[in-house]
Amino acid sequence: MADIIKLLPDHVANQIAAGEVVQRPASVVKELLENAIDAGATSIKLIIKDGGKGLIQVIDNGIGMSGTDARLSFERHATSKIEKAEDLFNLNTKGFRGEALASIAAIAHVEMQTRPEQEEMATHLRIEGSEIKFQEVSVAPKGTSILVKNLFYNIPARRNFLKSNLVELRHITDEFHRVALAHPGIAFNYYNNGSELFNLPNVNQRQRIVHVFGSKANERLVPVKEETQVVKISGFINKPEFAKKSRGEQFFFVNNRYIKSPYLHHAVLSAFEGLIKPDSFPGYFLYLEVDPGSIDINIHPTKTEVKFDDEHTLYAILRSTIKHSLGQFNIVPELDFEHDQNLDTPYYYKDKSVMQPKVTVDTGFNPFKEMPQKTTGTLAYKKQSTEGWENLYVGLDSKMGKEVGFSSVKFESDAITGSIFQGQQEETESIATTFQLRRKYIVTTIKSGMVVIDQSRAHQRVLYEQFLRNITLNEAVSQQLLFPLRMSFSKSDIDILKEIKDSLMTIGFMFSEIGDEELKITGVPLMVTESEVGIVLDQLISDYQMQVAENSFSQTDVLAKTLAKTLSVKTGEVLNNASQISLVNNLFGCKESRVSPFNKPVYVTITESDIDKKFI
Ligand code: ADP
Ligand code: MG
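Heads up: the sequence shown begins at 1 in our numbering, then just goes up one per residue.
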């Protein structure tokens with residue numbers, strides 16, 4: 001029989017290897033950014049056209065390459081980063097396989113300009129489908145610029161497989177986020193189709209997160225810090241109330257490399273247990289530093305998976321570090337979601353710092369040691385030892401001001417004492433009485449005791465559900481404006497408004513004109529007054545931007561939340577009795593009255609027996 005085994009030609013081998021390394025434009029972006037970082041760049045520019053299908057360019061101010069190195073860098077297994085296999089175990093660079101450039105050059109048109117600092121002239125080189133088209137001497141700044149065009153031009157199947165520009169751009173942005181977050185000390189610029197998407201100066205970790213995710217990210221962050229022999233952990237977690245229904249803001253960096261680790265993710269989740277709804281995800285930005293010898297990053301061609309020597313220890317350390325941070329910063333259970341309709345006292349540990357001297361707080365109390373016990377009644381409370389019972393009022397006190405404990409309740413409620421003692425007749429009379437406490441809470445009676453409702457959150461909930469209904473059923477009522485309202489916005493804001501225009505119309509907005517930087521509004525939702533239109537639209541734009549950045553948005557939900565937040569009654573507003581009663585009725589007519597649209601508790605219940613206990 002004739003010999004049938006052939007050696008694959010290099011360009012075919014490279015194409016096959018490319019399949020592993022380059023799945024989509026975002027993979028190219030990742031490799032090029034990582035090379036720039038390995039080259040010691042302090043400033044990196046990323047330029048994208050048409051979701052990376054048109055063009056991907058990365059320009060760095062790193063060490064550059066000599067003419068020979070520039071040529072060699074496109075060879076398979078050409079790398080300056082390891083010399084022998086053992087080096088793999090002591091890796092401080094992102095790359096090591098020497099495959100990226102060879103793979104990219106096998107399936108695209110690539111152009112490189114590069115110059116090391118000490119050399120006067122730069123090298124300019126073009127390579128298409130692994131074939132060098134030209135190499136010449138040129139003039140260029142120090143560093144390297146690599147330009148990748150027509151990705152997958154010679155593999156139509158792969159090219160057709162690519163998603164829309166928008167989707168590919170989203171992948172690129174994700175990749176960019178990961179790299180930018182891992183390297184706050186490097187300045188980044190990111191452009192798409194000529195407009196600047198990100199301009200990130202050289203800053204610290206926290207500022208970098210804020211620059212990437214928007215100024216509102218700052219208030220969500222809780223610092224995390226721990227140093228052990230095994231691992232050094234730093235970074236931030238998002239406060240539990242900002243947990244998301246969808247994934248998006250979960251970042252692990254090991255030795256400044258973004259990694260995915262379902263196992264460590266689980267460690268974080270378990271630290272948040274009981275603090276967030278079971279089907280939601282906490283956000284985190286965690287930077288782990290370990291001995292490079294104790295991990296193996298070699299197990300995945302795109303290098304996002306890492307194997308740790310001692311995963312169990314790492315898990316335990318991570319979990320307890322996060323619990324510690326949550327505890328230290330007073331981020332404790334506000335709601336136990338397993339209770340469903342029942343409530344625990346959500347306030348006993350909150351606002352600890354503003355408590356009154358008379359009140360003793362069990363500082364050793366560890367909210368994680370033991371979750372509030374489940375009881376069977378409709379109004380379940382955590383059982384406290386009598387010694388620590390004052391703790392029950394800590395939250396209440398601070399919210400009510402100077403006076404301590406119930407004395408202030410009494411004081412505030414003098415005028416309507418009648419309703420507090422209404423208990424006896426309440427069985428027969430179902431009409432609840434309400435009163436407003438410190439322009440903040442609505443207190444009302446129920447069969448088993450009383451409910452203290454946060455007026456603003458309650459109204460948010462009512463409005464939120466109403467808007468959701470309006471949008472889904474398309475039943476919103478619009479009020480025509482006598483004179484159309486002209487409002488100016490930035491170009492990018494107008495772009496966003498255009499994107500959400502249809503949703504805005506479903507809730508009652510009407511536009512006669514949307515210009516480049518101006519909007520003409522002819523109708524507004526019934527609930528919105530003319531003077532509120534600006535605030536509502538501004539808020540919408542910023543919330544929408546945030547949500548897009550976070551990768552998780554339903555337009556409808558963002559819209560309903562924003563409107564609810566902006567239009568709701570605020571703390572400090574006086575509500576007359578009729579409004580109070582209608583708010584209470586509307587609240588309890590809601591599908592989910594316990595939490596605000598932003599997952600904050602709306603009310604607390606205090607049963608008669610709780611009150612009885614306090615009189616012992
Ligand atoms: P790896 O990064 O795994 O070594 P690559 O194919 O990504 O493999 O790059 C090959 C080599 O080209 C690198 O080892 C490095 O020496 C050189 N190189 C690539 N990009 C740059 C750059 N932006 N600046 C300087 N050198 C670079
Ligand atoms: Mg590389």
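A virtual CB, placed ideally from N, CA and C, is assigned to each residue, including glycine. Every value quoted in this text rests on a predicted model; they were computed, and no experiment measured them.
Comparing C-alpha distances from G283 to each of R206, G523, F242 and E83 shows the shortest one belongs to F242. Relative to ligand 2, K94 has its C-beta within less than 7 Å of a heavy atom.
S579: member of the alpha helix (DSSP H) spanning N577 to F588, first to last residue.
The beta carbon of A105 sits closer than 7 Å to the beta carbons of F74, I127 and S130 from its chain, once the five residues preceding and following it are set aside; these are given in chain order. Not one heavy atom of ligand 2 sits closer than 7 Å to the Cβ of E518. Here the distance from the Cβ of K45 to the nearest heavy atom of ligand 1 is not below 7 Å. About 10 Å separates the Cβ atoms of F308 and I297, ruling out a contact at the 8 Å cut-off. For T444, the uninterrupted beta strand (DSSP E) segment begins and ends at Y441 to I446. Using a C-beta cut-off of 8 Å, the segment 551-570 makes no contact with the segment 199-206, since fewer than three inter-stretch Cβ pairs fall below that distance. At a threshold of 7 Å, N35 counts as near ligand 2, since its beta carbon sits closer than that to one of the ligand's heavy atoms. Relative to ligand 2, the beta carbon of E31 is positioned inside 7 Å of a heavy atom. With respect to D174, T93 sits apart: the two C-beta atoms are not nearer than 8 Å. Annotated as distal: P223 and S145, with beta-carbon spacing of 8 Å or more. Around the beta carbon of M121, fewer than 16 other beta carbons lie within 10 angstroms, which makes this residue exposed. In the DSSP assignment, no residue is bridged to F96. By the neighbour-count criterion, in which a residue is buried when 16 or more other Cβ atoms sit within 10 angstroms of its Cβ, A458 is buried.
Note that the C-beta distance between V28 and G52 is below 8 Å. The closest heavy atom of ligand 2 lies 7 Å or more from the beta carbon of A458. Between the alpha carbons of E573 and V604 lies a distance of about 20 Å. The beta carbon of L575 sits closer than 6 Å to those of Q436, all from its chain and outside the five residues before and after it, given in chain order.
With respect to the C-alpha of Q455, the residue from L482, F253, N586 and I172 having the closest C-alpha is N586. Counting along the chain, H183 sits inside no alpha helix (DSSP H), nor does DSSP assign it H or E at all. With a threshold of 7 Å, the Cβ atom of A100 counts as near ligand 2, since some heavy atom of the ligand is closer than that. Your pair E289 and K260 does not check out as a contact, with CB atoms roughly 18 Å apart and the cut at 8 Å. R178 is a Cβ neighbour of Y258, given a cutoff of 8 Å. Between the segment 132-151 and the segment 30-44 there are three or more inter-stretch CB-CB distances shorter than 8 Å, so the stretches are counted as touching. Rounded to the nearest whole angstrom, the CA to CA distance from T42 to P116 is 15 Å.
Comparing alpha carbon positions, the residue from L151, T434, A78 and F134 closest to F96 is A78.
In summary, A578 is exposed, with fewer than 16 beta-carbon neighbours lying within 10 Å of its beta-carbon over all protein chains present.
Inside the segment 121-203, DSSP marks whole alpha helix (DSSP H) runs of 4 or more residues at positions 156-161 and 165-182, from first to last along the chain. Taking 8 Å as the cut-off, the Cβ atoms of I233 and K225 count as close. Per the Cβ contact rule, the segment 476-494 is not in contact with the segment 438-454 (fewer than 3 Cβ pairs under 8 Å). As far as DSSP is concerned, D87 takes part in no beta bridge.
Measuring C-alpha to C-alpha distances from L463 to each of S503, K498 and V569 identifies V569 as the nearest. For Q118 and Y315, the gap between their C-alpha atoms comes out near 47 Å.
Secondary structure of D296 (DSSP, three-state): strand.
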